[in-house]
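Engineer: Dropping a structure here in structure tokens format, bear with me for questions.
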Amino acid sequence: MAEGTAKAEDRQFIPISFTLNGTTQQTQVEPHELLIDVIRNRFGLTGTKRSCDVQVCGACTVLVDGRPMSSCTTLAFEARGHEVLTIEGLAKNGKLHPLQAAFIEHGGFQCGFCTPGMILAAKALLDQNPEPNREEIIHFMEGNICRCTGYKKILESIVAAAKILRSPGR
Amino acid sequence: MAELTIVGKPITRVDAQEKVTGEAVYGYDLVLPDMLYGKTVFSTRPHAKIKRIDTGKAREFPGVVAVITGKDAPWTHGESIKDKPFLAHDKVRYIGEPVAAVAAEDEDTAQAAAALIEVEYEDLPAYLSPEEACKPGALPIHEDFAGYRKSDFIVTAPLPNVCEHFKLRTGDVERGFRESDLVLEERYTLPTIQHAAMEPHSAHAQVDPASGRVTIWVANDAPFRALHEIAEALGLPLEKIRLINPLQGGGFGSKGGLKVEPIASALAYHTGGRPVRVKFNRQETFISTLTRHEAILYIKSGVKKSGSLCARQMTIYWGAGAYAEKSPTVCIRGSLPAPGPYRIPHVKVDGYAVYTNKPVSGAFRGYGIPQGAWACEQHMDELAKRLGMDPLELRLKNVFVDGDLAYWGEKLHSVGLKETLIKAAEAIEWGKDDISKSKIRSPNLKRGKGLACISKPTRTPTLSKAAVLIDASGGVTVLAGTVEIGQGCSTILSQVAAEELKVPLEKVRMAPLDTDVIPFDASTTSSRSTYHMGNAVRLAAIDVREKLAEMASPMLEAGKDDLSFADGKIHLKEQPQMALPIGEVVRRRLGASGFLRGDSSYTFEIGKDLDLETGHSEHASAFYMYATQAAEAEVDEETGRVRLLRMSAAHDVGKAINPLNCEGQIEGGLAMGIGSALHEHLVVDETGKVRNPSFLDYHLATSLDLPKMIPIIVECPEPEGPYGAKGLGEPGLAPTPAAIGNAVANALGIRIYDLPLSPERVYWAIRRMKKKVA
Amino acid sequence: MLRRFRLEEPETVKDASALLARYGEASRIYAGGTELLLAMKEGLIQYERLINVKKIPGLDRVELENGVVRIGALTTHRSLENDPLLRQQLPAFGQMERNIANVRVREMGTLGGNLCFAEPHADPGTLLMVLGAKLMAEKTSSKREIAAEQFFVDAYETCLEPDELLTEIRIPSTPRRAGVAYLKFGYLERPSVGLGLFLAWNGADTITEARVAVGCAGPKPRRVEESEGLLKGKTSKEASALLGRAGEIAGRAADAISDLHGAADYKQHIVGVLLKRAFQQILQDRSSKA
Ligand SMILES: Cc1cc2nc3c(=O)[nH]c(=O)nc-3n(C[C@H](O)[C@H](O)[C@H](O)COP(=O)(O)OP(=O)(O)OC[C@H]3O[C@@H](n4cnc5c(N)ncnc54)[C@H](O)[C@@H]3O)c2cc1C
Ligand code: FES
Ligand code: FES
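Residue numbers (numbering that gives the first Met the number 0), protein chains in the order written: chain A, 0 to 169; chain B, 0 to 773; chain C, 0 to 289.
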């Protein structure tokens with residue numbers, strides 16, 4: 000129990016309803032709870048990682064209505080009424096998303112700790128801009144840090160996935 | 000050798016699915032039933048006596064289960080010098096040293112209670128520079144140094160605060176200098192940097208009250224070494240400790256030794272048998288875990304007009320930080336090859352690992368090689384300039400080739416260095432500077448090219464054991480103590496097992512790493528695993544294959560030698576249609592739940608140990624990794640900003656068991672090397688405090704910072720290595736800063752001796768030169 | 000870890016202001032939270048109450064009215080970066096927005112939050128000064144207009160009263176014969192030096208108006224009238240020759256401090272370099288338009 004400045008009898012609970020990976024969730028959160036903690040601790044989805052805790056690295060990236068957010072510095076109540084996508088919700092019926100497949104195919108990760116955030120950020124990019132050029136990819140992905148790969152294979156993975164996602168018949 | 004079916008192929012990773020779906024459970028994710036949450040209190044003084052610790056308020060805080068200080072944990076540990084208390088004993092030696100810890104029912108409670116612990120200090124003078132700390136007259140940071148338990152290879156010096164003195168003595172450097180046409184002496188420095196693996200540190204521990212057995216869940220890069228170190232410290236027999244290794248989100252050396260483990264295990268003695276988790280956040284990871292050695296290097300060389308090196312002398316001060324950790328072995332293995340991969344008749348090296356009141360230094364990808372290379376490889380270019388020689392030519396003239404006797408007394412073989420030099424240079428169109436320079440659009444931009452080469456030894460001798468199991472369904476399980484840090488060992492080792500047993504890769508599974516089950520392995524460090532564990536897994540697979548052939552021979556009514564393996568089956572060489580699935584062989588003989596096991600053990604024998612007086616050794620290393628990197632840089636003279644246009648990296652890996660993986664290691668190393676060249680610096684201010692313990696102010700290379708990368712795999716096979724393989728994990732970042740430094744010097748005509756090459760540093764260097772000229 | 004606090008969610012500016020008045024220093028406006036939550040997680044500041052203003056309608060619009068671009072204080076950097084009106088009316092502003100932080104911070108962080116936090120290492124304040132922007136502040140009983148130059152008092156300190164909210168940023172459209180550039184220089188996550196330049200010409204290539212502002216290097220962004228004076232009334236060519244001096248003056252005026260981003264004298268020097276480059280960029284834009 001944190002000794003906050005607000006008094007204990009003042010504890011406030013905000014009822015929220017939101018979609019998590021396609022499933023509607025109703026729960027209550029306190030104002031100070033962070034989205035990352037609710038996702039990891041309450042829903043047990045540990046694919047969302049905490050690394051820098053200051054919105055720099057992107058390991059904690061989740062998509063809220065398709066937009067990338069640092070869940071380490073987003074209050075949980077902000078999910079209210081929105082659609083939250085974490086890495087666990089990306090594959091559909093056991094079938095990997097083309098980005099996931101491309102990251103495997105092109106060696107877009109090593110330790111994998113940055114990978115959930117990296118893939119979700121890339122998804123946000125490709126949803127907004129299906130045919131990004133190199134500069135656009137780098138500019139968008141600059142806020143996702145990988146200490147292992149040197150980024151080259153990550154960029155190659157994104158380019159490859161973009162191509163697949165654009166291919167007719169998909 | 001039989002034709003290879005899977006070794007040498009760019010196979011995608013075997014641990015891929017779990018990592019792209021978020022299912023992978025890292026140490027940081029692990030939740031144990033009934034777990035308590037730990038929080039650590041850190042020293043706020045760089046050097047001070049602890050007068051008093053008041054834990055009263057924390058103990059009374061609701062939800063707190065245990066509060067401990069150094070008094071509750073009277074143990075010390077260390078890789079080769081047992082100088083580090085689990086929690087500070089009577090004094091603290093750096094800001095960030097663990098002083099007390101709390102275990103509570105939840106994380107917030109632990110944190111709130113930890114904030115209530117009061118520590119009173121009496122300050123002592125702090126030493127923040129290794130060169131200062133070992134000046135005669137400096138006060139000791141470790142008063143009881145002489146009494147510490149130490150490994151027998153530790154050599155001390157009659158200087159204060161030196162925890163290791165490495166000596167290399169070959170020929171007579173004074174004579175060498177006299178015989179030289181040109182003698183040059185310089186000083187280079189590198190600052191403290193940090194690994195900054197994306198997953199911060201954490202450990203879980205539990206003590207079984209009945210048996211006293213300690214179980215630790217930790218993403219350590221050397222579980223068996225950690226187990227030994229903890230057992231030694233606690234005075235327990237090895238079987239009383241168990242380490243379970245969850246997945247690791249990067250390490251780069253930071254997760255070896257003991258970091259959070261001592262705090263977690265000390266707490267676990269006070270929780271009535273409940274497991275406790277201690278997690279460091281990013282800031283705590285920055286100040287309290289591990290850093291790369293800052294170093295000050297003096298280098299003096301004598302050379303003939305022809306370019307032949309005559310003599311080289313180096314004195315290196317390695318900033319150990321407050322505790323020895325792996326400093327003694329970094330000092331030894333970093334100082335030994337610091338004069339570079341060159342034929343030099345007269346060599347003298349003195350390496351000193353020196354205590355300071357700064358965060359602890361230790362293993363960092365490259366283990367001392369990047370520091371030596373920063374000095375040596377830029378120094379080579381300065382020699383070349385004075386000789387009027389092309390830097391590539393000077394190197395080609397002097398570098399090690401097969402059959403050379405290295406200055407540490409070892410006859411070298413399988414030296415792919417020349418090939419790496421030539422290929423790396425070619426890849427950036429070495430010598431064609433005019434083309435590149437003509438592309439410059441602004442007069443304040445200057446372009447240049449530079450290269451640097453290295454050789455890196457691996458820790459030798461070391462032992463790897465392995466087992467390979469075949470079950471009745473034809474599944475293959477590999478038991479290997481190599482830790483998957485991200486480097487891809489699980490893929491490589493699976494490939495090796497699949498190759499020897501000729502089974503599809505999908506049939507191979509890596510057993511989870513638990514020291515109760517897995518055979519011993521020295522460590523996942525020093526780029527040793529592909530070679531050592533690769534050999535061990537290969538031998539274990541051969542062992543089980545032989546047993547299988549023996550079993551199958553009556554079933555197929557053929558002699559053992561008439562049998563062959565393919566596609567998960569064993570068949571008659573002459574009549575391939577006469578075949579049995581390998582699982583079927585096991586089932587027929589051992590039943591549906593039976594399995595067949597092969598075991599192995601691999602060490603590279605070195606004969607005599609390193610001679611502590613001369614640094615000589617017939618086999619300093621099981622194998623050597625050779626690499627050259629070349630950079631093309633553009634410098635903005637008005638701001639000092641260095642932009643890299645392209646970088647090539649040619650690495651002699653012996654044999655690429657998985658080229659995709661090799662490229663990944665090279666590119667990742669290169670990015671880290673570029674970061675260390677241009678950005679990284681863990682700033683410790685004059686009060687001993689880390690000023691930038693956050694990704695906001697400690698800049699890691701992002702996708703914006705990186706040039707076009709050209710990884711080049713060179714294969715000069717190592718006869719002892721599995722399929723000819725050497726190692727690759729570390730060298731990727733070792734020559735990088737020097738190659739960039741040389742490119743910058745080539746662009747500007749200015750040598751910069753200190754890292755990082757921040758815009759400001761480069762700018763002032765340009766200004767100073769312009770003033771001199773004017 | 001964040002300490003416990005209460006959340007208020009007013010639906011009008013007046014209510015928000017009343018809450019601020021009622022709870023005083025123990026409360027704070029919460030917009031995107033990208034600055035506030037960071038500081039609170041670090042334990043640097045603490046509040047009993049956060050007042051979420053994102054339920055107040057109408058504060059996240061970008062509109063053009065009588066030659067003035069009006070930007071709601073709650074507009075996020077990301078929507079400003081992509082805003083078609085802004086791209087057309089104030090391309091330099093859109094460009095500056097595109098280069099703030101990373102995409103996640105831009106998605107959450109608001110322009111108003113950026114200005115109100117008055118963190119020295121920030122971009123918009125500097126550019127707004129040369130654009131001649133006005134900031135609209137509002138509380139229960141009154142509204143007022145503050146010139147961008149007057150807004151920043153010190154590092155982390157603005158002239159807003161405790162119960163005042165920033166509601167809107169008003170930027171006059173750039174005249175036809177004028178150019179704007181914002182350049183920044185950085186080495187760490189946030190910018191180390193920022194420089195904004197506005198130049199207007201008459202038909203005879205004489206600079207009729209020059210505005211120079213420097214930011215990040217010192218505690219707050221500021222205009223540099225002395226440098227402006229040097230450039231005003233000169234032809235482009237004459238002004239070019241005076242850039243060195245104008246840059247030196249601007250560098251000194253920046254009040255640069257030495258910190259992790261660099262030494263004060265280095266930042267001063269960079270101010271000069273950026274001024275020169277901003278000037279060249281505006282000339283280039285002008286000639287490519289012509
Ligand atoms: C990693 C990182 C990188 C960054 N890089 C840059 C950069 O390159 N350039 C740059 O310019 N900035 C940068 N920033 C700062 C960023 O732009 C700001 O964090 C953001 O704009 C703040 O907006 P917010 O809505 O999140 O503010 P909040 O955090 O919600 O609020 C900030 C402060 O402003 C007050 N406030 C907010 N809105 C109002 C209002 N309408 N009226 C009165 N008071 C109000 C709050 O009470 C609080 O004190 C960076 C930030 C981070 C975390
Ligand atoms: S953990 Fe959230 S951005 Fe790094
Ligand atoms: S794969 Fe390890 S951090 Fe990106």
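Beta carbons are placed, not taken as given, at the ideal position from N, Cα and C, and that holds for glycine. Computed from a predicted structure; not experimentally measured.
(1) Tell me which residue opens and which closes the beta strand (DSSP E) that Glu499 of chain B is part of.
(2) Taking 8 Å as the CB-CB limit, is Ser69 of chain A close to chain C?
(3) Can you tell me which of B:Ser360, B:Gly674, B:Pro336 puts its alpha carbon nearest to the alpha carbon of Pro327 of chain B?
(4) What residue does the beta strand (DSSP E) around Gln205 of chain B start on, and which one ends it?
(5) Excluding the five sequence neighbours on either side, which residues of its own chain have a C-beta within less than 8 Å of the C-beta of Leu84 of chain C, listed in chain order?
(6) Run through the DSSP bridge pairs and tell me what Pro67 of chain A is partnered with.
(7) Which runs of the alpha helix (DSSP H), 4 residues or longer, sit entirely within the segment 313-359 of chain B?
(8) With a threshold of 8 Å on Cβ separation, who are the neighbours of Glu104 of chain A within its own chain once the five nearest residues in sequence on each side are excluded?
(9) How many angstroms separate the CA atom of Gly3 of chain A from the CA atom of Ile38 of chain A?
(10) Name the DSSP bridge partner or partners of Phe594 of chain B?
(11) Please list the partners that Gly217 of chain C has in chain B, where partner means a Cβ-to-Cβ separation under 8 Å.
(12) So the candidates are B:Met379, B:Ala125, B:Ala471, B:Lys258; which of them puts its Cα closest to the Cα of Ala742 of chain B?
(13) Less than 8 Å between the CB atoms is what I'm expecting for Lys688 of chain B and Ile192 of chain B, so what's the real figure, rounded?
(14) Mind listing the chain C neighbours of His698 of chain B? Cutoff is C-beta to C-beta under 9 Å, in chain order.
(15) Within the same chain, show all residues whose beta-carbon is closer than 7 Å to that of Gly249 of chain B, passing over the 5 residues directly before and after it, in chain order.
(16) Would you grab the beta carbon distance between Lys254 of chain B and Ala232 of chain B for me? Rounded to a whole angstrom, and I think it's under 8 Å.
(17) Under 8 Å between C-beta atoms, does Leu695 of chain B make it to chain C?
(18) Could you tell me the distance, in whole angstroms, from the CA atom of Ala1 of chain A to the CA atom of Leu126 of chain C?
(19) Please indicate yes or no: does the CB of Gln27 of chain A lie closer than 7 Å to some heavy atom of ligand 3?
(20) Beta carbons nearer than 9 Å to chain C: which residues of the segment 66-97 of chain A have them?
(21) Cα separation between Val129 of chain C and Ile50 of chain C?
(22) Which residues in the same chain have their Cβ closer than 6 Å to the Cβ of Pro261 of chain B, if we skip the five residues on either side of it in sequence?
(23) Could you confirm whether any beta carbon from chain C is found closer than 8 Å to the beta carbon of Met0 of chain B?
(24) Is Leu191 of chain C helix, strand or coil when you go by DSSP?
(25) Where DSSP assigns a beta bridge to Trp216 of chain B, which residues make up the other side?
(26) Which term fits Asp696 of chain B, buried or exposed, when burial requires 16 or more other beta carbons within 10 angstroms of its beta carbon?
(27) Between which two residues does the alpha helix (DSSP H) harbouring Val172 of chain B extend?
(28) Tell me the DSSP bridge mates of Leu747 of chain B?
(29) I'd like to confirm the pairing. Which residues does DSSP put opposite Ser563 of chain B in its beta bridges?
(30) Using a Cβ-Cβ distance under 8 Å, would Ile50 of chain C count as near chain B?
(31) Say the cut is 7 Å; is the CB of Gly21 of chain B nearer than that to a heavy atom of ligand 5?
(32) Assign Cys375 of chain B to one of three DSSP states: helix, strand, or coil.
(33) Nearest CA to the CA of Arg189 of chain C: which residue from B:Ile751, B:Gln628, B:Gly720, B:His698?
(34) Do the segment 56-74 of chain B and the segment 304-320 of chain B touch if we need at least three Cβ pairs shorter than 8 Å?
(35) Would you call the segment 678-687 of chain B and the segment 447-460 of chain B in contact, with 3 or more CB pairs under 8 Å?
(36) Kindly examine ligand 3 and report whether one of its heavy atoms sits closer than 7 Å to the Cβ of Arg212 of chain B.
Structural biologist: In short:
(1) Taking the first residue of the second sequence as 1, we reach residue 499 of chain B at position 500. The continuous stretches of beta strand (DSSP E) do not include Glu499 of chain B, which lies in the alpha helix (DSSP H) extending over residues 488-500.
(2) Position 70 of the first sequence, counted from the first residue, corresponds to residue 69 of chain A. Output row for Ser69 of chain A: interface = yes.
(3) Counting from one through the second sequence, the residue named residue 327 of chain B turns up at place 328. It is B:Ser360.
(4) In the second sequence, the residue the question calls residue 205 of chain B occupies position 206. 201-206 is the span of the beta strand (DSSP E), which, as asked, contains Gln205 of chain B.
(5) Here residue 84 of chain C refers to the residue found at position 85 of the third sequence. For Leu84 of chain C, where only same-chain residues beyond five positions count, the Cβ hits under 8 Å are Val61, Glu62, Leu63, Val68.
(6) Residue 67 of chain A sits at position 68 when you count from the first residue of the first sequence. Bridge partners of Pro67 of chain A: A:Leu62.
(7) Qualifying alpha helix (DSSP H) stretches, in chain order: 326-334.
(8) For this step, residue 104 of chain A is matched to residue 105 along the first sequence. Excluding positions up to five away in sequence, the list reads Ser156, Ala159.
(9) The residue labelled residue 3 of chain A in the question sits at position 4 within the first sequence. The residue labelled residue 38 of chain A in the question sits at position 39 within the first sequence. The predicted model places Gly3 of chain A with a pLDDT of 47, which falls under 50 and marks its position as unreliable; any figure quoted below should be read in that light. Cα to Cα, the separation comes out at about 22 Å.
(10) Your numbering for residue 594 of chain B matches position 595 in the second sequence. BP columns for Phe594 of chain B point to B:Asp470.
(11) By 1-based counting over the third sequence, the position of residue 217 of chain C is 218. Within 8 Å Cβ-Cβ: nothing; Gly217 of chain C doesn't reach chain B, min ~17 Å.
(12) Here residue 742 of chain B is taken as the residue at index 743 of the second sequence, counted from 1. Nearest of B:Met379, B:Ala125, B:Ala471, B:Lys258 to Ala742 of chain B, Cα basis: B:Met379.
(13) Numbered from its first residue, the second sequence carries residue 688 of chain B at position 689. Numbered from its first residue, the second sequence carries residue 192 of chain B at position 193. 17 Å between Cβ atoms; not a contact.
(14) Position 699 of the second sequence holds residue 698 of chain B. Correct list: Tyr186, Leu187, Glu188.
(15) Reading the second sequence from its first residue, position 250 is the one you call residue 249 of chain B. So the qualifying residues of the chain are Ala196, Met197, Glu198, Ile484, Gly485.
(16) Your numbering for residue 254 of chain B matches position 255 in the second sequence. Your numbering for residue 232 of chain B matches position 233 in the second sequence. Cβ atoms of Lys254 of chain B and Ala232 of chain B stay farther apart than 8 Å, at about 18 Å.
(17) For the purposes of this step, residue 695 of chain B is taken as the residue at position 696 of the second sequence. Yes - at least one Cβ of chain C is within 8 Å of the one on Leu695 of chain B.
(18) Residue numbering aside, residue 1 of chain A sits at position 2 when the first sequence is read from its first letter. Residue numbering aside, residue 126 of chain C sits at position 127 when the third sequence is read from its first letter. Low per-residue confidence applies at Ala1 of chain A: pLDDT is 43, beneath 50, and the placement is therefore not dependable, though the value from the model is reported in the following sentence. Answer to the nearest angstrom: the Cα atoms are 42 Å apart.
(19) Position 28 of the first sequence holds residue 27 of chain A. No, since every heavy atom of ligand 3 falls outside the 7 Å radius drawn around the Cβ of Gln27 of chain A.
(20) Arg66, Pro67, Met68, Ser69, Cys71, Thr72, Thr73, Leu74, Phe76, Glu77
(21) By one-based count along the third sequence, residue 129 of chain C stands at place 130. By one-based count along the third sequence, residue 50 of chain C stands at place 51. Going by the C-alpha atoms only, they are around 32 Å apart.
(22) Here residue 261 of chain B is taken as the residue at index 262 of the second sequence, counted from 1. Cβ neighbours of Pro261 of chain B beyond the five flanking positions: Phe85.
(23) Mapped onto the second sequence, residue 0 of chain B falls at position 1. Caution is warranted here: a pLDDT of 48 is assigned to Met0 of chain B, below 50, making its placement in the model unreliable, and no coordinate value can be reported.
(24) For the purposes of this step, residue 191 of chain C is identified with residue 192 of the third sequence, where counting begins at 1. Before going on, a small fix: residue 191 of chain C reads as Ser here, not Leu. Strand at Ser191 of chain C.
(25) As a first step, residue 216 of chain B is located in the second sequence; it is residue number 217 there, counting from the start. Answer by DSSP bridge pairing, in chain order: B:His203, B:Ile243.
(26) Reading the second sequence from its first residue, position 697 is the one you call residue 696 of chain B. Counting Cβ neighbours within 10 Å, Asp696 of chain B comes out buried, since at least 16 surround it.
(27) As a working note, residue 172 of chain B is residue 173 in the second sequence. It spans 172-177 - the alpha helix (DSSP H) in which Val172 of chain B sits, taken as one unbroken run.
(28) Position 748 of the second sequence, counted from the first residue, corresponds to residue 747 of chain B. According to the DSSP secondary-structure assignment, Leu747 of chain B is paired through a beta bridge with no residue.
(29) Taking the second sequence and counting its residues from 1, one reaches residue 563 of chain B at position 564. Paired residues: B:His570.
(30) One-based indexing of the third sequence puts residue 50 of chain C at position 51. Using a CB distance cut-off of 8 Å, Ile50 of chain C does not count as an interface residue toward chain B.
(31) The model on display carries ligand 1, ligand 2 and ligand 3 but not ligand 5.
(32) Here residue 375 of chain B is taken as the residue at index 376 of the second sequence, counted from 1. Three-state DSSP puts Cys375 of chain B in a helix.
(33) Reading the third sequence from its first residue, position 190 is the one you call residue 189 of chain C. For the residues B:Ile751, B:Gln628, B:Gly720, B:His698, the minimum Cα distance to Arg189 of chain C belongs to B:His698.
(34) no
(35) no
(36) Taking the first residue of the second sequence as position 1, residue 212 of chain B is located at position 213. Incorrect: Arg212 of chain B has no Cβ contact closer than 7 Å to ligand 3.
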